[in-house]
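Numbering (the UniProt record's numbering), first residue to last: 1 to 507.
#1: Please go through the same chain and pick out, in chain order, the residues whose beta-carbon is closer than 6 Å to the beta-carbon of residue 23, but skip the five residues on each side of it.
#2: If you reduce the DSSP assignment to three classes, tell me which class residue 70 lands in.
#3: So, for residue 27: in the same chain, excluding its five sequence neighbours on each side, which residues have a beta-carbon less than 8 Å away from its beta-carbon?
#4: By DSSP, does residue 22 sit in helix, in strand, or in coil?
#5: Is the beta carbon of residue 381 less than 8 Å from the beta carbon of residue 416?
#6: Using a threshold of 8 Å, state whether the C-beta atoms of residue 51 and residue 290 are closer than that.
#7: Taking Cβ positions, are residue 405 and residue 462 nearer each other than 8 Å?
#8: Can you tell me which residues form a DSSP beta bridge with residue 34?
#9: So, for residue 230: in the same chain, excluding its five sequence neighbours on each side, which residues have a beta-carbon less than 7 Å away from its beta-carbon?
#10: Compare the beta carbon distance of residue 352 and residue 320 with 8 Å and say whether it is the shorter of the two.
#11: Nearest to residue 424 by CA position, among 62, 388, 403, 120, is which residue?
#12: Return the chain-ordered list of same chain residues with a C-beta closer than 7 Å to the C-beta of residue 129, the five sequence neighbours on each side being excluded.
#13: Short check: CB of residue 256 to CB of residue 49, under 8 Å?
#14: Excluding the 5 residues preceding and the 5 following residue 135 in the sequence, name in chain order all residues of the same chain whose CB lies nearer than 7 Å to its CB.
#15: So the candidates are 152, 110, 142; which of them puts its Cα closest to the Cα of residue 123?
#16: If you compare alpha carbons, which of 486, 93, 391 is closest to residue 272?
#17: Can we say the region 275-282 touches the region 70-81, given the rule of at least three CB pairs closer than 8 Å?
#18: Is it the case that the Cβ atoms of residue 156 and residue 97 are separated by a distance below 8 Å?
#19: Report the residue ranges of all beta strand (DSSP E) runs contained in full by the region 286-367; include only those spanning at least 3 residues, in chain order.
#20: Classify residue 396 as buried or exposed, calling it buried when 16 or more other Cβ atoms lie within 10 Å of its own Cβ.
#21: Roughly how many angstroms lie between the CA atoms of residue 414 and residue 137, to the nearest whole one?
#22: Please find out if some non-hydrogen atom of the ligand PLP comes closer than 7 Å to the beta-carbon of residue 55.
#23: Count the other CB atoms within 10 Å of the CB of residue 445; is the residue buried (16 or more) or exposed (fewer)?
#24: Which residue from 426, 66, 218, 481 puts its Cα closest to that of residue 466?
#25: Give me, in chain order, the residues of the same chain whose beta-carbon lies closer than 7 Å to that of residue 115; leave out the 5 immediate sequence neighbours on both sides.
#26: Got a sec? Which residues, its chain only, sit under 7 Å from residue 365 by beta carbon, not counting five neighbours each side?
#27: Smallest Cα separation from residue 260: which of 234, 362, 348, 292?
#28: Short of 7 Å in beta carbon distance, which residues of its chain neighbour residue 29, apart from the five on each side in sequence? Order them along the chain.
#29: What is the DSSP secondary structure of residue 506, reduced to helix, strand or coil?
#30: Do the region 471-489 and the region 333-346 touch if we need at least three Cβ pairs shorter than 8 Å?
#31: Measuring straight from C-alpha to C-alpha, what distance separates residue 284 and residue 248?
#32: Between which two residues does the alpha helix (DSSP H) harbouring residue 410 extend?
#33: Could you pull out every residue in the same chain whose Cβ sits closer than 8 Å to the Cβ of residue 112, ignoring the five residues on either side in sequence?
#34: Going by Cα to Cα distance, which pick from 243, 301, 246, 233 is closest to residue 266?
#35: Go ahead and pull the three-state DSSP assignment for residue 387.
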C-alpha cells in the first residue's frame, strides 16, 4: 500500500503500534513501578506483531494480575487501539479510544525515570498517535505528537547512548522528516531540523546488526521499518526483495509480514507473488480480522482479469469501516468491467465512487476525478495498464501493439500510451528504449492533471540515479516536483524528495 498518507497510515505506524490492552494498569498499585520486558511480555509482543490480538490481550491481563507494578504492558497497550484504527479507520472507534493516549502517558510517568524505557515508551506512544491523527486528518495534533516523540528520543539518546532500541524509532523519524510533502512541511519546521534519509536508515541497520542487550527485543518492528525505509525512501527494491527471499521471515504466520510482502508485490508488478503470499497465510480464527487482505487479493486478481476480484472487493467494502480506499476500490471494479466489455457495470461502479468513501489519499482523489469525468479510459490501454501493473508484460505489449499511438483520440490516451511503453521497457531492463517514451510523456503531459508526466520524470530520475548520473537524476527529480495539481502528487513528491536527499541535492 504509496507512503506518507496512504501507508504511513498503515505501513510506518503498524509496526510501532505494539499493544492491545486498553484498561488502566498502574492506577490501583501504590508500590514502585518498573519496566520489565519479561518473557510473558515478549510473548505478548510476538502475538501482537503477528496480529493475534486476543492472545496478546490475554497475556497482558495475566501480567497485570501477577505484576501490577510492571509498566511494559502499558507500553504494549497501544496495539489494539492503533491496529484497529489504522487498519479499519472507524471514526466512532477513534472518538472512543483517543483519550487512551493521555491515560497511558500518565501511567508511564509513574515509572523509573533513570531507565531508557521511560522516555522511549512515551516517545513511541506519541509517534503512534501522531500517525493515527494523520489517519483521521488531525494534522496539528499529529505534528505536535511527532515533535514530542522526536525530542524525547533525542534526549533518551543523550542520556542512554547504548540503548539500541532508540535507534529504530529515531532513525525512522529522521528519515521521514526530510521527505514530508509540501502540505506537511510545518511538521519539519516544528522540529527545527532537516531529516537525513541515509543516516536514519543506517541507524535501523545498525540496530539489526546487533543482538545484545535491548537489541534482542522488538526486532520484528525493526525489520519492518528497515524494509519500508529501504523500499520507499531509498528506492532499493531489489535489496528488499533479496532480504525477504534470503531471510527466515515467517510470511505465513506473521500477518504483519504477510501484509508487507503483499504490499511490495502489488507495488512491484508481482501480482502472482501477492496472490501466493495471501493464499499461504494462516487464516485461523485467532488472528485479527483484517479487511485489507480482501482488498489486496482483489487488487492482485484484477491485474489478470480474474472475475474473482469482484467478490474480494465486495468483502473488503462490507467488512471495512473506514473511508479511505473505498473510492479506489469502486474504481478498480469499474475498470475490471470496462476492460472485460461490460460497460453497464463499469458505469454503475463509476457512479458509486461519487457517493462513497472520502478523497483524502491520492488514490481516492484520482478515483474521484475519474468519477466526475464524462470520459472512460481507452479499453485497450486499460488492459495494457492492468497487465503491466501485474507483471504480465507480454500480455500488456500484445494490447499496445493493437494501437497506433499517433491516432489515439485524446491527449490523455496518447500520454498513457507513451508512458506504458516506457514502463514496460523499464521493468524489463530495456532502459535505452524506455527513455524516449518517458521524455515524450513529460513533454505532452507537463501541465496536465494526469500523473503520467510526473511519474515519468520520477522514473527517469531513478534510472539515471542507478546509472550514476547524479546531476541528471536530480534534474528529473526536481522536474517531478515542479509539476502541480496532478494525481498522486503527494506520494510522487515524497519519492522525488527522497531521491534528491539520497544524492545530496538541495530543494
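Note that beta-carbon positions come from the ideal geometry of N, C-alpha and C, so glycine has one too. Bear in mind the structure is a predicted one, so any value in this text is a computation, not a measurement.
On the basis of the coordinates in this document:
#1: The predicted model places residue 23 with a pLDDT of 33, which falls under 50 and marks its position as unreliable; any figure quoted below should be read in that light. For residue 23, where only same-chain residues beyond five positions count, there are no Cβ hits under 6 Å.
#2: If DSSP states are grouped into helix, strand and coil, residue 70 belongs with the strands.
#3: Caution applies to residue 27, whose pLDDT of 36 falls short of 50 and renders its modelled position unreliable; the value that the coordinates give is listed next. Counting only Cβ-Cβ distances below 8 Å, and skipping sequence neighbours, we find 107.
#4: For residue 22, the predicted structure reports a pLDDT of 35, less than 50, and the residue's modelled location is therefore unreliable. A value from the coordinates is still provided. In the three-state scheme derived from DSSP, where H, G and I count as helix and E and B as strand, residue 22 is classed as coil.
#5: A Cβ-Cβ contact shorter than 8 Å links residue 381 with residue 416.
#6: It is a contact, given that the beta carbons lie within the stated cut-off.
#7: Going by C-beta atoms, residue 405 is not nearer than 8 Å to residue 462.
#8: Paired residue(s): 70.
#9: Here the set comprises 201, 236, 239, 240.
#10: In this structure, residue 352 sits away from residue 320, with a CB-CB distance that is not shorter than 8 Å.
#11: Of 62, 388, 403, 120, the residue nearest in Cα terms is 388.
#12: Counting only Cβ-Cβ distances below 7 Å, and skipping sequence neighbours, we find 101, 145.
#13: Yes, Cβ-Cβ distance for residue 256 and residue 49 is below 8 Å.
#14: Once the five neighbours on either side are set aside, the close Cβ partners of residue 135 are 9, 85, 86, 89.
#15: Shortest Cα-Cα distance from residue 123 to any of 152, 110, 142 involves 152.
#16: Distance check between residue 272 and each of 486, 93, 391 places 391 closest, using alpha-carbon atoms only.
#17: Using a Cβ-Cβ distance cut-off of 8 Å, the region 275-282 and the region 70-81 are not in contact, since fewer than three pairs of beta carbons, one from each stretch, lie closer than that value.
#18: It is not a contact, given that the beta carbons lie outside the stated cut-off.
#19: As far as the region 286-367 is concerned, it has no whole beta strand (DSSP E) run of at least 3 residues.
#20: With 16 or more neighbouring CB atoms inside 10 Å of its own CB, residue 396 falls in the buried class.
#21: Rounded to the nearest angstrom, the two C-alpha atoms are 36 Å apart.
#22: With respect to the ligand PLP, the structure shown offers nothing to examine, as it has no ligands at all.
#23: Its Cβ being crowded by 16 or more others within 10 Å, residue 445 is buried.
#24: Comparing Cα positions, the closest option is 426.
#25: Counting only Cβ-Cβ distances below 7 Å, and skipping sequence neighbours, we find 35.
#26: So the qualifying residues of the chain are 359, 487.
#27: Per the Cα distances, 292.
#28: With a pLDDT of 43 at residue 29, under the threshold of 50, the modelled position of this residue cannot be trusted, and the question is left open.
#29: Three-state DSSP puts residue 506 in coil, outside helix and strand.
#30: No, they do not touch.
#31: Rounded to the nearest whole angstrom, the CA to CA distance from residue 284 to residue 248 is 21 Å.
#32: Per DSSP, residue 410 belongs to no alpha helix (DSSP H) and is neither H nor E.
#33: Once the five neighbours on either side are set aside, the close Cβ partners of residue 112 are 32, 33, 34, 35, 118.
#34: Minimum Cα distance to residue 266 is reached at 301.
#35: For residue 387, the three-state secondary structure derived from DSSP is helix.
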